[in-house]
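Q: One structure coming up, written as structure tokens, with questions to follow.
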Amino acid sequence: WERPDGRPFRQRLLVVANRLPVSAVRRSEESWSLEMSAGGLVTALLGVKEFEARWIGWAGVNVPDEAGQRTLTKALAEKKCIPVFLDEDIVHQYYNGYCNNILWPLFHYIGLPQEDRLATTRSFQSQFAAYKKANQMFANVVHQHYEEGDVVWCHDYHLMFLPKCLKDRNSQMKVGWFLHTPFPSPEIHRTLPSRSELLHAVLAADLVGFHTYDYARHFVSACTRILGLEGTPEGVEDQGRLTRVAAFPIGIDSDRFIRALEVPQVQEHIRELKERFAGRKVMLGVDRLDMIKGIPQKILAFEKFLEENPIWRDKVVLVQIAVPTRTDVPEYQKLTSQVHEIVRRINGRFGTLSAVPIHHLVNLLLYLSLLNLQDVYTCLIRYFPARWIICKEEENNILTTDRSLDFHGLCALYAVTDIALVTSLRDGMNLVSYEFVACQDSKKGVLILSEFAGAAQSLGAGAILVNPWNITEVAASIGQALNMSAEEREKRHRHNFVHVTNHTAQEWAETFVSWGDWASHGIPNSWDE
Ligand code: ADP
Ligand code: G6P
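The letter at position 365 of the sequence shown is residue 446 when you use the UniProt record's numbering, and the numbering goes up by one with no holes.
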């Protein structure tokens, strides 16, 4: 808990999130590979450098045997991570069930599962019980590692019960909770059978944070309307105890992206991609393959654009990177086949022998195959020896990979893009839009951004804002972006670039944690609608 020069850090943090920044894959009895986890929560928290933090979470894998748990714990300790081991049944009921089939769709306005309502109602109780049990397991690990003076920062919808579990055992602990998704209107939240219990559990925290003022206001309204508590300018009061509530818009480590563009390997990728797409404008989507990202809507809007603008047909390409996610949840499986089906149809309709309009790629490594066929081979050669060499060097036989190749590939792709398309139907913030802006200082491409992403509130003035449900409007915005003058692109980009480089992940964490001194900082006067 000291800096390399021996000075103590200003604040020690225990970060608790369902997902660790690395996910483990078992290679053999005692051998693990650690791969970077995807998602905005991980990206943002990795950008927080100035605190001495330990990260407590699930490594994304079931490890039933003690020997395996020991070796994995040791490997993770090197990354300052502490695992919470969840068995298969808990993962099924808590993560796939309550978190991703109930809370996630509800918080993104998709609502509770519609199909087989009775079955949903029946399984609801057991999933909620598993959710509470899993939260208690996280709390137990926190208690094992907690030292007096630590700030415990809980994250996201997976851990709404955690503040209560922590405070029940130690009321002196400083506990903050931050939600990375939208918090929906109380009219939506009140449909949740466990609505009150969850709100009470969150209110056990000292500070509760959201990406935007609207989400914070929804939360306070839910507490006043559903629990009958009093909303004050600073938060929510329950029997004389105040839980502070405020908006803390997240950011990225923008310097990391800007610096990456100088790396020779990235410049080489940029050169190759420019050659590959010469004569065509590049449009880009980077999303987890999630129903909230509006991927089918985006692709249909692109189809409409091609339909109405034949002169652009061989002059524009859409690269859609879709990272597989939560693949055990049926809704996600359906989405995957739906997207594949639409892409196949459109490529069949507008593709020629030499080019297809949509490159739909399931991960970043595959995107390298865009370069040309021979490069698929080259990139495999580049990738696997790197892993193999690391494996050989590791004494404890822990194979560690990082995302450097993918990260560099992603930066290169952002840099050559003319138009980024973010069409989320709802999104807490959306950091892909921030990353695109950070990589565009020489190209000054256009960001088309859903008005339902939290980022619309910060990047709205520089982006073209769209309603992703309105395919005609999105198609028209593609035309507008392609025809935009250089001056206008420059002006819009400047606005966004200043925001992204000034409001970083570090600043976000600093603000949250110093609010964690639980001092009052000009919080709005009223939470009323
Ligand atoms: P969400 O958190 O819903 O996934 P965001 O847009 O906020 O949405 O964040 C997505 C994050 O995941 C971005 O930081 C993006 O760079 C990252 N990402 C995208 N593809 C990959 C990948 N293949 N591996 C790891 N991270 C990825
Ligand atoms: C969103 C959530 C995160 C989550 C990420 C990836 O960003 O807010 O909590 O980690 O998606 O999803 P996964 O289910 O793979 O952790």
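Just so it is clear, CB atoms sit at the ideal spot from N, CA and C, and this is done for glycine as well. The model shown is predicted, which means the values in this text are computed figures rather than measured ones.
1. Got a sec: does the ligand ADP put a non-hydrogen atom nearer than 8 Å to the Cβ of Asp226?
2. Using a Cβ-based criterion (distance less than 8 Å to any ligand heavy atom), does Ser112 qualify as near the ligand G6P?
3. CB-CB under 6 Å to Ser523, same chain, minus the five flanking residues each way: which ones, in chain order?
4. So Ala105 packs on Leu115, CB below 8 Å; how close in whole Å?
5. Restricting to runs no shorter than 4 residues, where is the alpha helix (DSSP H) found entirely within the segment 539-607?
6. What is the rounded straight-line gap between the Cα of Phe209 and the Cα of Phe300?
7. State buried or exposed for Gly309, treating a residue as buried only when at least 16 other CB atoms are found within 10 Å of its CB.
8. Would you say the beta carbon of His236 comes nearer than 8 Å to a heavy atom of the ligand G6P?
9. Excluding five sequence neighbours on each side, which residues of the same chain lie with their C-beta closer than 6 Å to the C-beta of His239?
10. Looking at C-alpha atoms only, which residue of Leu288, Leu167 and Trp258 is the closest neighbour of Gln217?
11. I'd like the ranges of any beta strand (DSSP E) spanning at least 3 consecutive residues and lying wholly in the segment 500-539.
12. Which whole runs of the beta strand (DSSP E) in the segment 171-253 are 3 residues long or more, in chain order?
13. Going by DSSP, what residue range makes up the beta strand (DSSP E) through Leu288?
14. For Gly120, is the beta carbon positioned less than 8 Å from some heavy atom of the ligand G6P?
15. Going by the CB atoms, is the gap between Leu563 and Ala544 shorter than 9 Å?
16. Should Arg352 go down as buried or exposed, given a rule of 16 or more other Cβ atoms within 10 Å for buried?
17. Quick check on Ile392: buried or exposed, where buried means 16 or more other Cβ atoms within 10 Å of its Cβ?
18. Going by C-alpha distance, which of Val347, Tyr176, Gly332 and Phe386 is nearest Ile427?
19. What are the boundary residues of the alpha helix (DSSP H) that Ile402 is part of?
20. Comparing alpha-carbon positions, which option in Gly541, Ala496 and Pro164 lies nearest Glu147?
21. Taking the beta carbon of Glu384 as the centre, do at least 16 other beta carbons fall within 10 Å, making it buried, or is it exposed?
22. Under three-state DSSP, which class holds Ser275?
23. Whole angstroms are fine: how far does the CA of Lys379 sit from the CA of Val594?
24. Would you kindly report the start and end of the unbroken beta strand (DSSP E) that includes Ala327?
25. Kindly list the residues whose CB is nearer than 7 Å to the CB of Arg306, restricted to its own chain and excluding five residues on each side of it in sequence; keep chain order.
26. Can you tell me which of the three DSSP states His421 falls into?
27. I need the DSSP call for Ala359, collapsed to helix, strand or coil.
28. Taking just the CA atoms, how far does Ala286 sit from Asp319?
29. Taking the beta carbon of Ser118 as the centre, do at least 16 other beta carbons fall within 10 Å, making it buried, or is it exposed?
30. Determine whether the beta carbon atoms of Ile373 and Ile191 lie at a separation below 9 Å.
31. Are the beta-carbon atoms of Gly366 and Tyr515 separated by less than 9 Å?
32. Out of curiosity, what's the CA-to-CA distance linking Glu159 and Leu153?
33. Residues in the same chain with beta-carbon distance under 7 Å from Val123, minus the five sequence neighbours each way, listed in chain order, please.
34. Using a 10 Å radius around the Cβ and a threshold of 16 neighbouring Cβ atoms, would you call residue 625 buried or exposed?
35. When you measure from the CB of residue 611 to every non-hydrogen atom of the ligand ADP, does any distance come out below 8 Å?
A: A quick look at the data gives this:
1. In the sequence on display, residue 226 carries His and not Asp. False, no ligand heavy atom lies under 8 Å from that Cβ.
2. no
3. none
4. Confirmed, about 6 Å.
5. 552-563, 567-583 and 586-596
6. So the two alpha carbons sit approximately 20 Å from each other.
7. Gly309 should be labelled exposed.
8. Yes, since a heavy atom of the ligand G6P falls inside the 8 Å radius drawn around the Cβ of His236.
9. Asn99 and Cys180
10. Per the Cα distances, Leu167.
11. 500-503 and 527-531
12. 232-236
13. Secondary structure note for Leu288: its beta strand (DSSP E) is the uninterrupted segment Leu288 to Phe291.
14. yes
15. no
16. exposed
17. So Ile392 counts as exposed.
18. Phe386
19. Not the alpha helix (DSSP H): Ile402 falls in the beta strand (DSSP E), residues Val397 to Val404.
20. That would be Pro164, whose Cα lies nearest to the Cα of Glu147.
21. buried
22. coil
23. C-alpha separation (whole angstroms): 37 Å.
24. Arg322 to Ala328
25. Counting only Cβ-Cβ distances below 7 Å, and skipping sequence neighbours, we find Pro267.
26. helix
27. coil
28. Spanning the two alpha carbons is a distance of roughly 12 Å.
29. So Ser118 ends up on the buried side.
30. yes
31. no
32. When rounded, the distance between both Cα atoms is 10 Å.
33. Cβ within range, chain order: Arg100 and Pro102.
34. The chain is shown from 82 up to 610; residue 625 falls before or after that span and cannot be answered.
35. Absent from the structure is residue 611, since the part of the chain shown begins at 82 and ends at 610.
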